[in-house]
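*Asks:* Can you read through this structure? Questions will come right after.
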Amino acid sequence: MLGRRGVLKFLAGPPFAWLTLFFVLPLVLIAAFSLRAGSGAIGPAESWAPSLEQYSEVLGTPAFVRLLGMSVLMALGIAGLATLFAYPIAYFLTFRAGDRAPLYLTLLLVPFAVSYLLRVMAWKLMLGPEGGINSLLGTLGMTDEPIGLLLYSRPAVIITLVYVWIPFATLPIYAAMQRIDRDHLEAAADLGAGPWSRFWRVTLPLSVPGAAATFFMVFIPTVGEYVTPALVGGTDGIMYGNIIQGFFTRSANWPMGSAMAMIMLVMTLTLVVIGLRIVRPQRLAT
Amino acid sequence: MRARAPAARTFTTLIAAGALMLAACSTPAEPNELLVLEWSGYEAEDFWTDFKASNPETEVTFEFGDTDANILALMQGGSQADIFHFYTGWQQFYVDEGLVQEIDTSQLTNWDKVPDSYKELGQIDGKQYFVPWDWGFTSILYNTEQVDKVTSWDALFNEEYAGHVSMWNDGPGAVAVSAYINGWDETAITDEQLAQIEEDWIAQKPLNAFYWTGEYVDLCPAVQDGTVWVAYAWQGCYATALAAGDPVAYANPEEGRNSWVGLYGISADTESYQLALEFLDMKLAELTCGNAVTLFYYGCANGDVMAAIEDPILIEAFGINDPAILESTNFTPLVTEEQRGAWTAMWERVQAH
Amino acid sequence: MTTRRVAVGVGRTRVPLGPFYAGMLVLLYVPIAVLFIFSLNAGTTLSFPIESLTLDWYVSVLENSAMLAAARNSFVVGIASATLATAIGCLVAVAVLRFRFRGRGLLLAMAGLPLVVPFVVMGVAFFLLFVAVDVPRSLVTVAIGHSVIAIPYATLIVLARLGGLDPALEDAAMDLGATYPAALRRVVLPLMAPTLLSAWLTCFIVSFDEIALAIFLVGGDPTFPVFLYGQLRFAQRLPVLIAMAVLLMIGTVALTLVALRLRSRSE
């Protein structure tokens, strides 16, 4: 009969094995590529002497460094906005939706089963210069010219990514809010706190870990995002991930692409660690 | 009696073993399957329908790469594909790295229908390594209502069309355009020239609505709904827009159009050489080759198919009635690995600006 | 603690939470509605005006065996990778929250790290890995790839919920004679069911529409996004693709409604 401790092998073992084999190993391959000199994909054996050439090339190109900075800023903004907009929805699901919450949540997620490509095509139809929204604004006399910034621009990328992330962003906040013991709220009510005060002093602080989790969950992958910028970003909204993708697919320059990916990885992780330091003291307080 | 039975058994066992060994040592039959490294969209049965008819039992499966760079990288990376498809400019790399083997053209029944100039594009050092299949032009596609007649490649740099231009997202393509405009030799771009090219394209960047990557996915809808007025384009969107009645024209710039040809190679490591040869032969067959024309509006290497085109839109798109076009056309030359590395890195810097 | 039916929260203030949710829902479904309209449009381009309505496209979906096969592949890969990822996410969450051991932080980091790596990089990395060990590309490799990128989401969601579950419940079960696995199975699992469902659904959706990894890892059988991307080159086929996408969404909704119904039935 397995004791509690004995079970640990079966709990931690399979994930360790799976992730080591199918994540760490591939990542090591990428890291190895980033230490290779020259361009091109595999290359001859001699070219495999370790070198920091790729890293110095990337870090020595101002355009790449600036773009990484801009992408990080955009990601921070998108994560913040997505968390902000997801919060009321998570609140609604937890405290207002009652039994219907799973259904409402499902309704939020299901549109993502429809091809993203097709949905963006539909949006482009409506946002384009001859599209529905501009025609509407034109007939209402509100604009002389089609609004450019809704499509093929940096704002378009931000708006689209926030829009796409909100449903997923509700999940960690919702999960955290569900944990809030209603007894606390009842006690606060008994002590005379009004609804706003109960929210501000009980619900909000207890939901901060969920909101923080959401923020990181959105921020981390958004730094390396490339699909949406390629679809709606035009030339203005190109992000760091597009360059990585370019080095892998347009240029077959795997070493450079790998180096850029590793740099982004380190940058993102550093920011996350810093972020966790900020959030942690609050976690301990709950 | 008893002593003989075991001997008989041993004898038959030996014979059986010998027969098995002979069978094993004889040339094994080729596996009846093919793996093709293709571009998205080309896996459709329309593009190998003749092979399907002649070899219904063969299992044809596909891997995908969506740029020439990617296809090369996948082949270098150990892809098991028997056949791969890429475009002019990249032939030398496959030969240099031993990734491709010679085509035995005597076994291709449709080979004589391929014009010589196309056959040559698939040759390195006189050896036929590649089979040409699809081809087309690159030129400027423009909206005749918004743009005056385009006579030069520098229309892509014209500030009057700011926000309505679209360039293909490709470094070597951009270098070629700059070479045409400045009258430089595409195959001998110096470092100073490359630096100038980088500056020019950085300045050009804001003129674009976007850089396009997928012809039918990105470019055609934008040309047709009026977002894009001037584009670096292949003739596919031209034909599509013409067929829809849109006001478009395909330029004949004074520097000449560009032309590209799609090539198929057989992997050096393939176990299915005969099958692969047949596959390529059937690619050149009338129906399969014709489908490239009617479905993608690309040219096809079967001369008979091209001569039989009657659709006025296609005739217009391919410039079939105007021999002067082909005369001034610049075919994509081979590039070296250094050039490729430098030009693609230059383009990524332009992207990042 | 199960949800008690008590009217606490921001109860009677004027914050229009319901309308906000409804507004978000509308925004999410507008492009779906547009696509639905075009799936009934006789014309083949994605532009107004709508000429005439027809059900032809839906009919031809049923005749398009390649497309149906691709859709089936996506469901199979989605179900497999979602189940794998959710299972691993659960294992990680329980291990990290209920035990102290030396590799605890490392395990958590490994479970979360796939989020940082762009899919195109994962695609190349997986390609290299499978080529190195001579594993041919197939739906299995796609499912493996998808399971890895989905693990962070599953782990995060399960962690967030499990963290609020009192360990005393499990201890109580063990005091009554259950082994730890039994305690997990009979006490924790039922309480976690809704969370597991949303984790699973999230992982499924991550896999279902994923193309960047799939295009590297798919062998002879494409998933639907890979198939779609190839077919988009054929202008005339767009309406059929849209019709299929709409049907797939309806199928996913049906699947999840059934799952929800089963879960509430068993409570």
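Protein chains in written order, with the working numbering: chain A, 48 to 333; chain B, 49 to 401; chain C, 22 to 288.
Beta carbons: idealized from backbone N, C-alpha and C, even for Gly.
DSSP on A:Val319, reduced to helix/strand/coil?
*Replies:* helix
*Asks:* Spatial neighbours of A:Thr207 within its chain, please: CB distance less than 6 Å, with the 5 preceding and 5 following residues excluded, ordered by chain position.
*Replies:* Thr275, Val279
*Asks:* Assuming A:Ile291 and A:Tyr102 form a contact by the criterion Cβ under 8 Å, report the distance between their Cβ atoms to the nearest whole angstrom.
*Replies:* Contact check for A:Ile291 and A:Tyr102: beta-carbon distance about 14 Å, past the 8 Å limit, so the pair fails to qualify.
*Asks:* Quick one: which unbroken alpha helix (DSSP H) runs of 4-plus residues sit fully inside the stretch 256-287 of chain C? Chain order, please.
*Replies:* Under the rule that a run must span 4 or more residues, the alpha helix (DSSP H) segments found entirely inside the stretch 256-287 of chain C read 259-287.
*Asks:* So B:Glu91 contacts chain C; which residues on that side make the cut at Cβ distance below 7 Å?
*Replies:* Within 7 Å Cβ-Cβ: Gly251.
*Asks:* Name the chain A residues whose beta carbon is nearer than 7 Å to that of C:Pro256?
*Replies:* It should be pointed out that residue 256 of chain C corresponds to Ala in this sequence rather than to Pro. By Cβ distance, chain A contributes nothing, its closest Cβ being about 12 Å from C:Ala256, past 7 Å.
*Asks:* When you compare the stretch 329-344 of chain B with the stretch 169-186 of chain B, are there three or more beta-carbon pairs, one atom per stretch, that lie closer than 8 Å?
*Replies:* yes
*Asks:* Using a Cβ cut-off of 8 Å, pull out every chain A residue sitting near C:Asp187, in sequence order please.
*Replies:* In chain order: nothing, as chain A lies at least about 10 Å away.
*Asks:* Which whole-angstrom value describes the C-beta separation of B:Gln140 and B:Ile172, a residue pair presumed to lie in contact below a C-beta threshold of 8 Å?
*Replies:* 6 Å
*Asks:* Please check if any C-beta of chain A sits within less than 7 Å of the C-beta of B:Glu358.
*Replies:* The beta carbon of B:Glu358 sits no closer than 7 Å to any beta carbon of chain A.
*Asks:* Go ahead and pull the three-state DSSP assignment for A:Gly53.
*Replies:* Three-state DSSP puts A:Gly53 in a helix.
*Asks:* Any C-beta of chain A within less than 7 Å: which residues of the stretch 115-149 of chain B qualify?
*Replies:* Thr115, Ala117, Asn118, Leu120, Ala121, Gln124, Gly125
*Asks:* Does the distance from the C-beta atom of A:Ala84 to that of A:Glu100 stay below 7 Å?
*Replies:* yes
*Asks:* So which residues on chain C does A:Trp170 lean against when the C-beta distance must stay under 9 Å?
*Replies:* Val51, Pro52, Val55
*Asks:* Does chain C have any CB closer than 7 Å to the CB of A:Ile321?
*Replies:* no
*Asks:* Do B:Ala257 and A:Gly304 have their CB atoms nearer than 7 Å?
*Replies:* no
*Asks:* Taking the straight line between their C-alpha atoms, what separation do you get for B:Tyr259 and B:Pro269?
*Replies:* 14 Å
*Asks:* Assuming contact is defined by CB atoms lying nearer than 7 Å, are B:Ser88 and C:Gly251 in contact in what I supplied?
*Replies:* Between B:Ser88 and C:Gly251, the gap from beta carbon to beta carbon is short of 7 Å.
*Asks:* Within 10 angstroms of its Cβ, does B:Ile363 collect 16 or more other Cβ (buried), or is it exposed?
*Replies:* exposed
*Asks:* Just grab the DSSP bridge partners of B:Phe132 for me.
*Replies:* B:Leu85, B:Gly313
*Asks:* For a contact meaning CB atoms closer than 9 Å, what does B:Val265 contact in chain C?
*Replies:* Tyr250, Leu253, Arg254
*Asks:* With DSSP as the reference, please indicate the residues paired to B:Lys175 in a beta bridge.
*Replies:* B:Ile172
*Asks:* Would C:Gly144 count as contacting chain B if we go by Cβ distances under 7 Å?
*Replies:* Cβ-Cβ to chain B under 7 Å: no for C:Gly144.
*Asks:* Have a look at A:Arg113 and A:Leu318 and give me their C-alpha separation to the nearest angstrom.
*Replies:* Rounded to whole angstroms, the gap between the alpha carbons of A:Arg113 and A:Leu318 is 17 Å.
*Asks:* Taking the alpha carbon of B:Asp130 as the reference point, which residue from B:Ile151, B:Gln283, B:Gly137 has its own alpha carbon closest?
*Replies:* The shortest Cα separation from B:Asp130 among B:Ile151, B:Gln283, B:Gly137 belongs to B:Ile151.
*Asks:* Please confirm whether C:Tyr2 has its beta-carbon closer than 7 Å to some beta-carbon of chain A.
*Replies:* Residue coverage of chain C in this structure runs from 22 to 288, which leaves residue 2 of chain C outside it and unanswerable.
*Asks:* Taking C-beta to C-beta, are C:Ala92 and C:Phe245 nearer than 7 Å?
*Replies:* yes
*Asks:* Can you say whether A:Asp230 is buried or exposed, counting buried as having 16 or more other CB atoms within 10 angstroms of its CB?
*Replies:* exposed
*Asks:* Is it buried or exposed, B:Val80, if we count other Cβ atoms within 10 angstroms and call 16 or more buried?
*Replies:* This sequence places Asn at residue 80 of chain B; Val is not what is there. By the 10 Å Cβ count, B:Asn80 comes out exposed.
*Asks:* Residues in the same chain with beta-carbon distance under 6 Å from C:Phe229, minus the five sequence neighbours each way, listed in chain order, please.
*Replies:* Ser95, Gly99
*Asks:* Which same chain residues end up closer than 7 Å to B:Ala355 when comparing Cβ atoms and leaving out the 5 residues on each side of it in sequence?
*Replies:* none
*Asks:* Going along chain C, which residues have a C-beta under 7 Å from B:Leu343?
*Replies:* Per Cβ cutoff of 7 Å: Phe255.
*Asks:* Can you name the residues that DSSP bridges to B:Asp182?
*Replies:* B:Cys348
*Asks:* By Cβ distance, which residues of its chain are closer than 8 Å to A:Met48, with the 5 residues on each side in sequence left out?
*Replies:* Any reading at A:Met48 must be qualified, since the residue scores a pLDDT of 46, below 50, and its modelled position is unreliable; the value itself is stated next. Closer than 8 Å at Cβ, skipping near neighbours: no residue.
*Asks:* Would you check whether the ligand GTP has a heavy atom nearer than 6 Å to the C-beta of B:Asp160?
*Replies:* For the ligand GTP, the structure offers nothing, since it holds no ligand at all.
*Asks:* Which residue marks the beginning of the alpha helix (DSSP H) containing A:Tyr273, and which one marks its end?
*Replies:* Note, A:Tyr273: premise wrong, no alpha helix (DSSP H); not H, not E.
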